[in-house]
Amino acid sequence: MDMQSDFDRLLFFEHARKTAEAAYAKDPLDADNLTRWGGALLELSQFQTVPDSKKMILDAISKLEEALMDEAKEYFNKATLYFQQAVDEEPSNELYQKSLEVAAKAPELHMEIHKHGLGQQTMGASTGPSSTSSGAKTSKKKKSSDLKYDIFGWVILAVGIVAWVGFAKSHMPPPPPTPPR
């Protein structure tokens with residue numbers, strides 16, 4: 581790309597970032613705005629130094645996670661409402677009651693999962709150069725393992741076809757009788 585288009589992209593995404601930041605001050609629960617903000621930060625990170633880029637990417641990740649949490653919270657609230665309606669309709673149904681209990685606990689569980697699962701991914705991405713060499717070793721082992729499974733799969737398929745053909749030949753119906761002359 582030429583310098584002018586890079587500069588135009590930089591201005592465009594900086595404007596998008598500032599607009600999203602202002603909109604966030606007005607409505608912090610707007611998931612679409614948080615998504616736009618995270619996307620703008622990701623784009624702007626390309627124009628930064630490595631340390632600043634990492635900070636900007638982590639900030640973008642936090643904005644995107646916040647957007648996911650807000651949307652998830654909305655769906656969990658709907659689920660709780662619907663399970664409450666089901667319990668109100670049929671209070672003796674244990675499945676409805678248990679579902680209502682689980683739906684009430686779901687936002688907390690969702691946050692825990694994201695805290696532990698996404699936090700580990702984020703930390704794993706910034707562990708340093710040793711992670712790339714171990715990642716390459718894991719990739720080679722995986723490719724080797726995949727090759728083994730591919731070969732074994734084809735061998736098993738071939739043996740299955742040979743066994744099937746042999747079984748079919750051994751159980752062929754007798755030829756029809758020849759007509760008398």
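Taking my numbering, the leading residue of the sequence shown gets 581, the next gets one more, and so forth. Here a beta-carbon is modelled for each residue, glycine too, at the ideal position from N, C-alpha and C. Predicted, not measured: the structure shown is a model, and the values here were computed from it.
Of the residues the options, which one's Cα is nearest the Cα of residue i?
i	options	result
E654	F592, L591, M752 and A611	A611
A686	Q665, E674, K658 and P671	K658
Would residue i pass as a contact of residue j if the rule is Cβ separation under 8 Å?
i	j	result
F663	Y676	yes
R589	W617	no
M636	L624	yes
D660	A684	Contrary to the premise, residue 660 reads as Thr rather than Asp in this sequence. Contact flag set, yes.
A620	N613	no
T615	A652	no
L609	D668	no
Pick helix, strand or coil for residue i, following the three-state DSSP scheme.
i	result
M752	coil
F592	helix
L609	coil
N673	coil
T758	coil
G708	In this predicted model, G708 has a pLDDT of only 45, less than 50, meaning its place in the structure is not dependable; the value taken from the coordinates is given anyway. Of the three classes helix, strand and coil, the one that applies to G708 here is coil, per DSSP.
D632	helix
Q626	coil
D586	helix
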